[in-house]
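Chains G and F, in that order, are what the protein sequence lines are. Mapping the first sequence onto my numbering, position 29 (from 1) lands on 29, and the numbers just tick up by one. Mapping the second sequence onto my numbering, position 44 (from 1) lands on 44, and the numbers just tick up by one. For reference, the structure is listed below as structure tokens.
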Amino acid sequence: NAGVMQNPRHLVRRRGQEARLRCSPMKGHSHVYWYRQLPEEGLKFMVYLQKENIIDESGMPKERFSAEFPKEGPSILRIQQVVRGDSAAYFCASSPVGDRINTIYFGEGSWLTVV
Amino acid sequence: GQQVMQIPQYQHVQEGEDFTTYCNSSTTLSNIQWYKQRPGGHPVFLIQLVKSGEVKKQKRLTFQFGEAKKNSSLHITATQTTDVGTYFCAPPSAGGGSQGNLIFGKGTKLSVKP
């Protein structure tokens, strides 16, 4: 039973380039969440998606960041025109259909380095 | 806004000693989750607490939820080197935040000396 799958695990981008991070939820899970973790910090909620819907994007920066979870395929977190401050670990998490409890299960993360 | 404070921020113990981390919220919580993150790793779900005064045990780990549901603690008995990592409490965001919108503090970083 595969867990939450994220790729790439490590990504290096030059300033101004685009970064795309992908996430496939656990089998049977249709709720996806993206979190960001800066070095030596806790995780910060970014966005909550269900298939083809953004449910809560209250933690997303207003510019350059977008997320989607299409009907088919993985969820994508897209960062345009990356800057050094975007360097962080980006964790995707998922939870089951209809689960009203707040337990979520994290993937192994994607480490973005902007040079 | 809602704040979650964890203390201590760092804890160094000798293997075999006990360890406790405390989590305090500025608001009353509906529930709280605990996660462990190994160095370079991802957060791993440990437990969820829901009821006032709830106590749950997992082998050497004991989790408590305060009577007022504004604080929680994690106690590890006789630490082992495998306990090394950062322990986070994570309550849901207040003010009608969506499910899965959890508030993580900075965590307590535990190191264990063999």
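Glycine included, each C-beta is placed from N, C-alpha and C at the ideal position.
Asked                                                                                             : Found
Anything in chain F within Cβ reach of I55/G, meaning under 8 Å, just list it in chain order.     : S98
Put R9/G into one of helix, strand or coil per three-state DSSP.                                  : coil
Alpha carbon to alpha carbon, how far is E41/G from N165/F? Give it in angstroms, no decimals.    : With chain F represented from 1 up to 114, any question about residue 165/F goes unanswered, as that position is not in the structure.
What is the residue span of the beta strand (DSSP E) that M46/G lies within?                      : 43-50
Taking just the CA atoms, how far does T21/F sit from E52/G?                                      : 40 Å
Express the C-alpha separation of T77/F and K106/F in angstroms, rounding to a whole number.      : 22 Å
The beta strand (DSSP E) that contains G85/F, what's its start and end?                           : 85-90
For the beta strand (DSSP E) holding D56/G, just list the boundary residues, first then last.     : 53-56
I'd like to confirm the pairing. Which residues does DSSP put opposite N24/F in its beta bridges? : M5/F, N71/F
Beta-carbon of K106/F versus every beta-carbon of chain G: anything under 8 Å?                    : yes
For F63/F, which of I32/F, G41/F, Q9/F has the nearest alpha-carbon?                              : I32/F
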